[in-house]
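J.: These protein sequence lines map, in sequence, to chains A and B. The opening position of the first sequence corresponds to residue 1 in my numbering, with each subsequent residue numbered one higher. The opening position of the second sequence corresponds to residue 1001 in my numbering, with each subsequent residue numbered one higher. Beta carbons: idealized from backbone N, C-alpha and C, even for Gly.
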Amino acid sequence: MLSLKSFKKAAFTGCLCMAVSLPLFAADAPSSKQYSGQTITVLVPPWGTLPKDMVDRFKGDTGISINMQTLGWDEIRAKLITSLVAGISPADVVELDWSWVGQFGAAGWFTPLDKMVSAELWSDIPSRKIFEYKSQTLAVPYNNDFRLMIINKAHFDHAGIHQPPKTLDKLLADAKALKASGASKYPIALPLSATEGTATAWYLLTKAYGGDLFDKNSKPLFDAAGSPGYKALQFIEQALKDGLIDPASTGMTDVQVQDAFKAGQYSIDLAGWPGNLSTYNDKEKSKIAGVVSGALVPSSTGASNSFGLVEGLAIPKKSEHKEAAAEFIKWWMKADNQTQVFNELSDLPTRTSVLNALIQQKKLYDGAVLLEQIKGVGPLFAGGAPEWYPELSRAASTAINQLAKGQVSVGDAAKQIADQTVKAMNR
Amino acid sequence: MTNLLHPGRFISPKQSEANIGLMLALPIALVMFLLVFFPVCVTLWDSLHRVAPMRAGTPFIGLKHYWDLFHDDNVRAAALNTSVYVVFTVLLETVFGVFVAVLLNTVKVGRKWLLGAVILPWALPPIVNALIWLWIYNPNYGVLNNFLLSTGVLNERHVWMNDRFVALMLISLVHVWRMMPLTAVIVLAALQSIPHSLYEAAELDGAGNWGKFRTITLPLIASAVAIALTQSTLFAFNLFDEAWVLSGSSLDTRTVLIQVYMSAFQDMQFSYGMALSVIVMFLSLAISLFYVLRIYRETRFD
């Protein structure tokens, strides 16, 4: 079981390692050509889809061809379930999100990778524990995602605000000032559709209010008025009423909200992805390049909190090319490949050594802020995502969507989430 | 006639014809059994058990799923939404379908081109249809908002899907836009089979347009309308694409079929989803039976 303390310690210790470059591990040894001639299918979301030159380079290194398939994150889960229930492997390497580990682990669909990956490599990936189910590691982490706030500095300067807000009250005040100055009509970017991104934004706000969603006995804490989760719902409702969040967000996913942010429509990407810092600063992909910076998630307690949303690569048991698939995952984990993935796709490296190298080479946008935020990053569930997590996520996103449309009150939304989650726990 | 299988046993010509008919129907009966009846029976059986990949075994639980369904708030909300879709879409599709069919029937020149244009929405894949309307309804750059803003009807852009009733109506309209052509085609075929002599006789008796429509047209297209009502109702009960594309899994517009999908493929509670789909099947069959018994009549012109 992963405790908060050990998670933070692993991430913090690794990322603060200074000065001397760490030696390459045996994980970066030349790839094997043992499976040359095989073709594997890789099913990943857009930010995991390798560019053509990397695909070609993999083939050159191993002789294995890749059929790259891209699907939206929400759609991948549906495809995985429908295929695996039918006894078919949708691909040889698939995305496995931290939130699916409990449910998919219970279904027994994925190949344990403990022995397919070297011990040296595992020791360089502290987030491995997030993908453990009953002592078996079901995926190798490839995207070291967590949440932090990202702001449009030009908007802030226009409104005469020179420091990002550190508290939630200041956040609301700054957002009102941004709106009043005309910098943006709806300053706060937050997805509010009935999708996963909405639920994770609420989790972040709950953390910002200094609390957790459940106690150690999995009893919901957020349905009590005054609890951090309850306050997080009130924050969303109030921000909408004050015109600080776009009402059209009820139909937008997190990716669509990010697209609007990088088009300059919003001022604060409240539940931002650290990997997006490089995307937002890329002139070819963003209209706000050069005026974006990361900032610590505001907090009501003084300490900025966030949580990890790590993504991994897994091999379904039904795959007919498991060894070739393992070669692909090991190749992805090589230092130079993790670096290139970061440069091309903005996926934050999961290997501590690679992350350190990027920080030392000053290639990580707002590296100091990222390091500071990582101190406050912990797992959302100390014991890993439970089997009923998808139902919690859906209950949360549905209720918040209804709250945002004015169809339910905060109390009703909180009760709805709690009732449906408890029902799922007891099923 | 001699029975080749049993020489000496006499088969009447009628029995022989019947045997041939049975043999000719056997392939389709087999297909129907494998693709329809067998899956329905399996679904019914599994709905009485707990089938969930995350849990070992499939124990018999009887009617527990059905009991839980009737107490599930999400299912109730989805059922209410579906009822609204069914009433609204069937009504509009039937009224406009008959209207369009009558119009097309009066057109003498260029009817086939008009018919092609009318059928186009129905010919589009439902997802494509829904995506087009998603862009039209988009609050930021959609045609609907831009048109209403430019004509002064709106002062600021409106988020159409934020109001539950409006969202249900807009999704219904998209479904009607797609399915109305089918009703029009069915009714048009019936209209074209009505002998013109009946209308001439009615005119001689002094009947006006409305009288002719009421006393001749409507009764003689009743069977076609019943068929169109049946298919409209079934498609409305199974509404998925439009609601999913336009509004995702939002509870205020979620249909029963979306709820089935979410129960089975997101919650991985397959038997729960099966039980819900069984209820939908029986409801839609019951309504179709009502149409057939009350509205359909065998049409004769003599």
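Please report whether the beta-carbon of phenylalanine 1265 (chain B) lies at a distance below 8 Å from any beta-carbon of chain A.
T.: Residue numbering aside, residue 1265 (chain B) sits at position 265 when the second sequence is read from its first letter. So yes, phenylalanine 1265 (chain B) belongs to the interface.
J.: Using DSSP bridges, identify the partner residues of threonine 39 (chain A).
T.: As a first step, residue 39 (chain A) is located in the first sequence; it is residue number 39 there, counting from the start. Partner(s): A:Ser65.
J.: By the DSSP assignment, the beta strand (DSSP E) with leucine 1156 (chain B) in it spans what residues?
T.: Translated into positions along the second sequence, residue 1156 (chain B) becomes position 156. Reading off the sequence, residue 1156 (chain B) comes out as glutamate, not leucine. No beta strand (DSSP E) holds glutamate 1156 (chain B); DSSP gives it neither H nor E.
J.: Tell me which residues share the same chain as alanine 418 (chain A) and place their Cβ nearer than 8 Å to its Cβ, disregarding the 5 neighbours each side in the sequence.
T.: Stepping through the first sequence from its first residue, residue 418 (chain A) is reached at position 418. Around alanine 418 (chain A): Pro220, Phe222, Asp223.
J.: Do the stretch 1058-1071 of chain B and the stretch 1171-1189 of chain B touch if we need at least three Cβ pairs shorter than 8 Å?
T.: No, they do not touch.
J.: In chain D, which residues lie with their C-beta within 7 Å of the C-beta of proline 1053 (chain B)?
T.: Of the chains in the structure shown, none is chain D; the protein chains are A and B.
J.: Give the residues from the stretch 1110-1136 of chain B that approach chain A closer than 8 Å (Cβ to any Cβ), ordered along the chain.
T.: Listed by position along the chain: nothing, the set is empty.
J.: Closest to proline 1125 (chain B) by C-alpha separation, out of B:Glu1200, B:Val1174, B:Gln1266, B:Trp1210, would be which residue?
T.: For the purposes of this step, residue 1125 (chain B) is taken as residue 125 along the second sequence, with counting starting at 1. The residue with the shortest Cα to Cα distance from proline 1125 (chain B) is B:Val1174.
J.: With a 10 Å radius around its C-beta and 16 neighbouring C-beta atoms as the bar for buried, classify threonine 1183 (chain B) as buried or exposed.
T.: Position 183 of the second sequence, counted from the first residue, corresponds to residue 1183 (chain B). Threonine 1183 (chain B) is buried by the Cβ-count criterion.
J.: Please report the straight-line C-alpha distance between threonine 1089 (chain B) and alanine 1167 (chain B), rounded to a whole angstrom.
T.: Counted from its first residue, the second sequence places residue 1089 (chain B) at position 89. Counted from its first residue, the second sequence places residue 1167 (chain B) at position 167. C-alpha separation (whole angstroms): 14 Å.
J.: Between histidine 1049 (chain B) and the rest of its own chain, which residues show a CB-CB distance below 7 Å, the 5 nearest in sequence each way excluded?
T.: Stepping through the second sequence from its first residue, residue 1049 (chain B) is reached at position 49. These residues qualify, in order along the chain: Thr1058, Pro1059, Phe1060, Ile1061, Ser1271.
J.: In chain B, which residues lie with their C-beta within 7 Å of the C-beta of isoleucine 81 (chain A)?
T.: Working through the first sequence from its first residue, we reach residue 81 (chain A) at position 81. By Cβ distance, chain B contributes Phe1265, Met1268.
J.: Tell me whether leucine 1022 (chain B) is buried or exposed, calling it buried when 16 or more other Cβ atoms sit within 10 Å of its Cβ.
T.: Within the second sequence, residue 1022 (chain B) is the residue found at index 22, counting from 1. The residue is exposed, with fewer than 16 neighbouring Cβ atoms inside 10 Å.
J.: So which residues of chain A does glycine 1248 (chain B) contact, with C-beta pairs closer than 7 Å?
T.: Walking along the second sequence from the start, residue 1248 (chain B) turns up at place 248. Within 7 Å Cβ-Cβ: Ser193, Ala194, Thr195.
J.: From threonine 1215 (chain B) to leucine 1204 (chain B), what distance separates their C-alpha atoms?
T.: On the second sequence, position 215 is the one that residue 1215 (chain B) refers to. On the second sequence, position 204 is the one that residue 1204 (chain B) refers to. Going by the C-alpha atoms only, they are around 14 Å apart.
J.: Specify, as a first and last residue, the run of the beta strand (DSSP E) that aspartate 97 (chain A) falls within.
T.: Along the first sequence, read from residue 1 onward, the residue named residue 97 (chain A) stands at position 97. Where aspartate 97 (chain A) is concerned, the enclosing beta strand (DSSP E) stretches over 93-97.
J.: Determine which residues of the stretch 384-398 of chain A have a Cβ less than 7 Å from any Cβ of chain B, and write them out in chain order.
T.: Flagged, chain order: Glu387, Pro390, Glu391, Arg394, Thr398.
J.: Just tell me which of A:Ile268, A:Glu75, A:Lys129 has its CA closest to the CA of lysine 170 (chain A).
T.: Translated into the one-based positions of the first sequence, residue 170 (chain A) becomes position 170. Nearest of A:Ile268, A:Glu75, A:Lys129 to lysine 170 (chain A), Cα basis: A:Ile268.
J.: Using only the alpha-carbon positions, how far apart do glycine 197 (chain A) and serine 249 (chain A) sit?
T.: To locate residue 197 (chain A), count along the first sequence from 1; it is residue 197. To locate residue 249 (chain A), count along the first sequence from 1; it is residue 249. Looking at the two C-alpha atoms, the distance is approximately 11 Å.
J.: What would DSSP say about threonine 1217 (chain B), mapped onto helix, strand or coil?
T.: Position 217 of the second sequence, counting from 1, holds the residue named residue 1217 (chain B). Three-state DSSP puts threonine 1217 (chain B) in a helix.
J.: Provide the residue(s) that pair with glutamine 136 (chain A) in DSSP beta bridges, ordered along the chain.
T.: Translated into positions along the first sequence, residue 136 (chain A) becomes position 136. For glutamine 136 (chain A), which the question treats as bridged, DSSP gives the partners A:Tyr133.
J.: Could you compute how far the alpha carbon of glycine 63 (chain A) sits from the alpha carbon of lysine 79 (chain A)?
T.: For this step, residue 63 (chain A) is matched to residue 63 along the first sequence. For this step, residue 79 (chain A) is matched to residue 79 along the first sequence. Straight-line Cα distance between these residues: approximately 28 Å.
J.: Determine the closest residue to alanine 1123 (chain B) out of B:Asn1138, B:Arg1178, B:Arg1055, with distance taken between C-alpha atoms.
T.: On the second sequence, position 123 is the one that residue 1123 (chain B) refers to. Among B:Asn1138, B:Arg1178, B:Arg1055, the Cα nearest to that of alanine 1123 (chain B) belongs to B:Arg1178.
J.: Counting only Cβ-Cβ distances shorter than 8 Å, please list the residues of the stretch 1249-1263 of chain B near chain A, keeping chain order.
T.: Against chain A - using a Cβ distance shorter than 8 Å - the residues of the stretch 1249-1263 of chain B are Ser1249, Ser1250, Leu1251, Asp1252, Met1262.
J.: Does the Cβ of alanine 26 (chain A) have 16 or more other Cβ atoms within 10 Å, making it buried, or fewer, making it exposed?
T.: Counting from one through the first sequence, the residue named residue 26 (chain A) turns up at place 26. With a pLDDT of 48 at alanine 26 (chain A), under the threshold of 50, the modelled position of that residue is not reliable, and no figure is offered here.
J.: Report the residue from A:Tyr365, A:Ser409, A:Lys322, A:Lys115 whose alpha carbon sits nearest the alpha carbon of phenylalanine 342 (chain A).
T.: Within the first sequence, numbered from 1, the residue matching residue 342 (chain A) stands at position 342. Out of A:Tyr365, A:Ser409, A:Lys322, A:Lys115, A:Tyr365 has the C-alpha closest to the C-alpha of phenylalanine 342 (chain A).
J.: Quick one: list the residues of chain A neighbouring asparagine 1162 (chain B), beta-carbon separation under 7 Å, in chain order.
T.: Numbered from its first residue, the second sequence carries residue 1162 (chain B) at position 162. Under the 7 Å cutoff, chain A gives Pro247, Thr250, Lys405.
J.: Give a yes or no on whether 8 Å exceeds the smallest Cβ distance from asparagine 426 (chain A) to chain B.
T.: Here residue 426 (chain A) refers to the residue found at position 426 when the first sequence is read from its first residue. Chain B, which has no Cβ nearer than 8 Å to the Cβ of asparagine 426 (chain A), makes this no.
J.: For the 8 Å Cβ check, are there 3 or more pairs between the stretch 148-164 of chain A and the stretch 342-351 of chain A?
T.: With a cut-off of 8 Å, the stretch 342-351 of chain A and the stretch 148-164 of chain A do not count as touching, because too few Cβ pairs lie within range.
J.: Answer yes or no: does any C-beta atom of chain A fall closer than 8 Å to that of valine 1159 (chain B)?
T.: Here residue 1159 (chain B) refers to the residue found at position 159 of the second sequence. With 8 Å as the cut-off, valine 1159 (chain B) counts as an interface residue toward chain A.
J.: Give the DSSP-derived three-state secondary structure of methionine 54 (chain A) in the structure shown.
T.: Here residue 54 (chain A) refers to the residue found at position 54 of the first sequence. Helix at methionine 54 (chain A).
J.: Could you compute how far the alpha carbon of leucine 1285 (chain B) sits from the alpha carbon of valine 1225 (chain B)?
T.: Start at 1 with the first residue of the second sequence, and residue 1285 (chain B) comes out as number 285. Start at 1 with the first residue of the second sequence, and residue 1225 (chain B) comes out as number 225. Cα to Cα, leucine 1285 (chain B) sits roughly 17 Å from valine 1225 (chain B).
J.: Helix, strand or coil for threonine 206 (chain A)? Go by DSSP, reduced to three states.
T.: As a position in the first sequence, residue 206 (chain A) is number 206, starting the count at 1. Correct three-state label for threonine 206 (chain A): helix.
J.: By alpha-carbon positions, which one of A:Thr253, A:Gly87, A:Gly367 ends up nearest to alanine 271 (chain A)?
T.: As a position in the first sequence, residue 271 (chain A) is number 271, starting the count at 1. Of the candidates A:Thr253, A:Gly87, A:Gly367, the one whose C-alpha sits nearest the C-alpha of alanine 271 (chain A) is A:Thr253.
J.: Starting from glutamate 311 (chain A), follow its DSSP beta bridges and name the residues at the other end.
T.: Taking the first residue of the first sequence as 1, we reach residue 311 (chain A) at position 311. Partner(s): A:Asp97, A:Asn143.
J.: For threonine 167 (chain A), collect the residues of the same chain with a Cβ closer than 7 Å to its Cβ; drop the 5 residues on either side in sequence, then sort them by chain order.
T.: Counting from 1 along the first sequence, the entry for residue 167 (chain A) is found at position 167. Closer than 7 Å at Cβ, skipping near neighbours: Pro298, Ser299, Ser300.
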